[in-house]
Each structure stands twice: as C-alpha cells, then as structure tokens.
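Numbering follows numbering that gives the first Met the number 0, in which position 66 of the sequence shown is assigned residue number 65; successive positions increment by one, without gaps.
Using N, Cα and C, we set each Cβ at its ideal position, and we do this for glycine too.
Given the structure is predicted, the values throughout are model-derived calculations rather than measurements.
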Amino acid sequence: MLYLKTGLNVCRCCFTEKSLWRRGLSTTENLSRTNLAHQKILSHIPHAQKGAVFLSQFLYCPAAFIRRGGVRGLFGGGRGNIRQQTLEDIAENIRERKFKRIVVMAGAGISTPSGIPDFRSPGSGLYDNLQQYNLPYAEAIFEINYFHHNPNPFFALAKELYPGNYQPNLTHYFIRLLHDKGQLLRMYTQNIDGLERMAGIPPKMLVEAHGTFATATCTVCRRDYKGEELRNDIMEGTIPKCPTCKGIIKPDIVFFGEELPQQFFTYLTDFPIADLLIVMGTSLEVEPFASLAGAMRGSVSRLLINRDLVGPFAWGSQRHNDVAELGDVVSGVKKLVELLGWKQELEALMNVGGDKTSVNNQEE
Ligand SMILES: [Zn+2]
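Now the structure itself:
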C-alpha cells in the first residue's frame, strides 16, 4: 500500500522528490523504493539520454502506469479511429478560446532569431572569445566551483547577454499576445537573455528555469540586488562587489550544482490544469526541463514548433493530439499566427515594442 501511496510523488517524476531531498526538505527514508531505483539508474546515464529514460519510470511505478492508461496510453493503440490533430485544429481551438490555459516551453531556438550567439558551439564568435580565458571546457563557465576560482569568463558572457543588448523577436511577442488575450498559463524558458521580459511578459507569468540577469545575489552575505545595480560594473568589465561585505555579486543565473529557482516547482500546479502545451526552439536535452514535456496529461494537446522532432515527440509514441510543425521556428510561429488571424495584432504589438524597462520590474 505504501508503494501505491508514494507512487504519485514518485512519478511526477523522480526529479521532484530528488530536488526536495537535495534541499533537505525530505529524507532518504521518505524517498520511496521506486524513486531510489530511478536515481540509481539515472545516475549511470549521461545527461543527454535521460529523457529517454523517462518512460522507464513506468516499469517501477504501477500507479503511474495505470494513470497513464496502461499499455494503451503508452502506445496510443485501442483508441479506434481518432483523427490525428493538425496545426489548423490547434489554431481553431486557440482562436475559439477552447485553449485558455496554455503552457509554453521554450529554449535557445527562440532567441537565435534575435541574434543571441550560441555560446556553447565552437566556431561561434562568443565561444571563441571565451577561449582567451582558458576555460577547461565550455560548460565550466556555468560551474559554481569554477566561478569561485575565476569569475571573469562568466562576467564576459554576462556583458554580452546583459538585458538591453538584444531585442525580442516575433516568437516572444506571440507569447506576449497569448498573455494579453488571457490564454497564457505560464511560460517556462531555458533562456537567460531576458527577452521574454523585454517583450512585456510579466515576470509572474514566467518560469526562468535557468535563472535571470534581472536579479543578483551576493555570493558571501546573500544580500539581494537588482540586475540594474550591476549594469555599470558589468559593462565596464569590473567584477561587481557587495558594498556590505566585499563579496562577489553573482547574477541569479542557475549554475550546474545550484538549486533550481523555487518558481520552477509551479509546474506541479500548472501542468495538471493546462489545456495546451506549446514546445518551441528547444532540443529538450537538459534535465529536468526536458522531462516536463512528458509530464503533461495524455488528454492535453501538444504542439511542437521546432527544427527537429525532440523529447516525447521523437520517441515513436506520438499521440493523436500531438502536432509537430518542423522547420524554422519563426516561420512556424508565423504560420500559426496567420491561421489564428492574429497577424495585424502581432505586428501592432511588435511596433509598440514590449516594456523596455521591464528588466527593472521585480514583481513576483
Ligand atoms: Zn555581501
């Protein structure tokens, strides 16, 4: 019985309880046997492949397996001749406000049209720029231990990405329009460029899963700062120091080995009530963000606007209510906007621009 009782916590999924455990909010004893089994498996698997393991949870958690509709739910069989949904169907349901609690998940692919450099790829200007700092490997820039050893490469990146250097594009304004129409439940973004806020999407509608430059914290005394207070130092190439304790002030970007922002866990209340998931511009490779797409209820339509099939869309278990619009992300969003008949509204919104001062907006 305990097994079934804890099953619910386990399968939301393993990482939830694991995070609580890491924070000291849960004890090892509280972790169910199944979850410990998951952790054991997951700890042996390279980061990028963990998404594929998401399904393996069902092997260990019968409660979740049944909840997802058993074999039928997993493989989509036994549903008779349910018609495969199309982009037109999704557009119609948005236009007629049948979808009004939309969750958007986005990654770097929505920011590249704004000119944000891909700092993870060798050959891109910024990556090459960072090589002058002799980083042992590109990811070291986001490792907290490396930061304490040498914060210079991170602040060079911060100078490049600091809000104000780049402008949001059509994809950001489309999400802003969803919000203006009262149909956005939440946007989950992996991006740290702040373009969502600049497009005028209020911070409370955003889960910035990898953090933000809009706020900062002293690494020693933990005092909070606004991103704007650091701007001059960062633009001048000076490491920002805390006036109180002289510690280094670090923008609230989530580093490897750091806690996820508390807000990330709003997915626990958002996902059960969402009626549409839009995934765009992401490879869905970085956990725990990647597993979120699979955490959406089976009855909920999922729309992927992306260069490639990714995550649950690529696992061969596509549902009748999964729609993939592949290719250039901006073109995909444009197509949806035209089907919605929102083209003029979106253009008007883009001409006015977002709230350019919203980076100062600390509203929670
Ligand atoms: Zn301090």
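### Message
Taking the straight line between their C-alpha atoms, what separation do you get for Asp-321 and Gly-331?
### Response
Along the sequence shown, read from residue 1 onward, the residue named residue 321 stands at position 322. Along the sequence shown, read from residue 1 onward, the residue named residue 331 stands at position 332. Near 15 Å, if we compare the C-alpha coordinates of Gly-331 and Asp-321.
### Task
Let me know the beta strand (DSSP E) ranges lying completely inside the region 216-289, each 3 residues or longer, listed in chain order.
223-225, 248-252, 275-279
### Query
With respect to the alpha helix (DSSP H) encompassing Met-349, which residues constitute its N-terminal and C-terminal limits?
Within the sequence shown, the letter at position 350 stands for residue 349. Residues 342-351.
### Cβ-heavy atom distance, Thr-243 to ligand 1, below 7 Å
Counted from its first residue, the sequence shown places residue 243 at position 244. True, at least one ligand heavy atom lies under 7 Å from that Cβ.
### Query
From the DSSP output, which residues share a beta bridge with Ile-101?
Looking up residue 101 in the sequence shown gives position 102. Beta-bridge pairing links Ile-101 to Leu-183, Leu-275.
### Message
Between Val-253 and ligand 1, is there a pair consisting of the residue's CB and a ligand heavy atom that are separated by less than 7 Å?
### Response
As a first step, residue 253 is located in the sequence shown; it is residue number 254 there, counting from the start. For ligand 1, not one heavy atom lies less than 7 Å from the Cβ of Val-253.
### Message
Given this structure, state the Cα-to-Cα distance separating Thr-211 from Ile-81, to the nearest angstrom.
### Response
Against the sequence shown, residue 211 aligns to sequence position 212. Against the sequence shown, residue 81 aligns to sequence position 82. Straight-line Cα distance between these residues: approximately 42 Å.
### Task
Give me the Cα-Cα distance between Leu-35 and Glu-258, rounded to the nearest whole angstrom.
The residue given as residue 35 occupies position 36 in the sequence shown. The residue given as residue 258 occupies position 259 in the sequence shown. Legend: pLDDT at Leu-35 = 39, less than 50; position of this residue unreliable, no value from coordinates given.
### Message
Going by DSSP in three states, Asn-305 sits in which element: helix, strand or coil?
### Response
Locating residue 305 in the sequence shown gives position 306, where the first residue counts as 1. In the structure shown, Asn-305 sits in a strand (DSSP, three-state: E or B).
### Query
Val-329 bridges to which residues according to DSSP?
The residue given as residue 329 occupies position 330 in the sequence shown. Partner(s): none; Val-329 has no beta bridge.
### Task
Classify Pro-45 as helix, strand or coil using the three-state DSSP reduction.
Position 46 of the sequence shown, counting from 1, holds the residue named residue 45. Because Pro-45 sits at a pLDDT of 41, beneath the cut-off of 50, its placement in the model cannot be relied upon, and the following sentence gives the value as read from the coordinates. Coil, per DSSP.
### Message
For ligand 1, is there any heavy atom lying closer than 7 Å to the beta carbon of Arg-94?
### Response
Position 95 of the sequence shown, counted from the start, is the residue given in the question as residue 94. Flag unset: Cβ of Arg-94 not near ligand 1.
### Task
Using only alpha-carbon positions, find the residue among Lys-97, Ala-198, Gly-181 that is nearest to Ser-110.
Reading the sequence shown from its first residue, position 111 is the one you call residue 110. Checking every option, the nearest Cα to that of Ser-110 belongs to Ala-198.
### Message
Tell me the residue span of the alpha helix (DSSP H) that contains Glu-195.
### Response
Taking the first residue of the sequence shown as 1, we reach residue 195 at position 196. It spans 194-197 - the alpha helix (DSSP H) in which Glu-195 sits, taken as one unbroken run.
### Selection from His-178, Trp-341, Gly-108, Ala-273 that minimises the alpha carbon distance to Asn-305
One-based indexing of the sequence shown puts residue 305 at position 306. The residue with the shortest Cα to Cα distance from Asn-305 is Gly-108.
### Task
Given a cut-off of 8 Å, decide if Arg-175 and Asp-369 are closer than it, judged by their beta-carbon atoms.
Residue 369 lies beyond the residue range present for the chain, which begins at 0 and ends at 363; the question has no answer from this structure.
### Query
When burial is assigned at 16 or more other CB atoms within 10 Å of the CB, is Ser-290 buried or exposed?
Translated into the one-based positions of the sequence shown, residue 290 becomes position 291. That one is buried.
#### Entry: Secondary structure, alpha helix (DSSP H): runs of 4+ residues fully inside the region 127-173
Unbroken alpha helix (DSSP H) stretches of 4 residues or longer found wholly inside the region 127-173: 143-148, 151-160, given in chain order.
### Query
Can the beta-carbon of Pro-287 be found less than 8 Å from the beta-carbon of Gly-226?
The residue given as residue 287 occupies position 288 in the sequence shown. The residue given as residue 226 occupies position 227 in the sequence shown. No; because the gap between Cβ atoms is not below 8 Å, this pair is not in contact.
### Query
To the nearest whole angstrom, what separates the beta carbons of Leu-177 and Ala-155, a pair I think is in contact under 8 Å?
Locating residue 177 in the sequence shown gives position 178, counting from the first residue. Locating residue 155 in the sequence shown gives position 156, counting from the first residue. Actually they do not touch by this definition, with Cβ atoms about 35 Å apart.
### Query
Ordered along the chain, which non-local residues of its own chain (more than five positions away) have a Cβ less than 8 Å from that of Gly-69?
Stepping through the sequence shown from its first residue, residue 69 is reached at position 70. Here Gly-69 scores only 43 on pLDDT, less than 50, and its place in the model is too uncertain to base an answer on.
### CB-CB length for Gly-326 against Glu-142, believed under 8 Å
To locate residue 326, count along the sequence shown from 1; it is residue 327. To locate residue 142, count along the sequence shown from 1; it is residue 143. Contact doesn't hold; Cβ gap of about 35 Å is too wide.
### Message
Quick test of the definition: if touching needs 3 or more C-beta pairs under 8 Å, does the region 228-239 touch the region 267-284?
### Response
By the Cβ rule, the region 228-239 does not count as touching the region 267-284, because fewer than three pairs are nearer than 8 Å.
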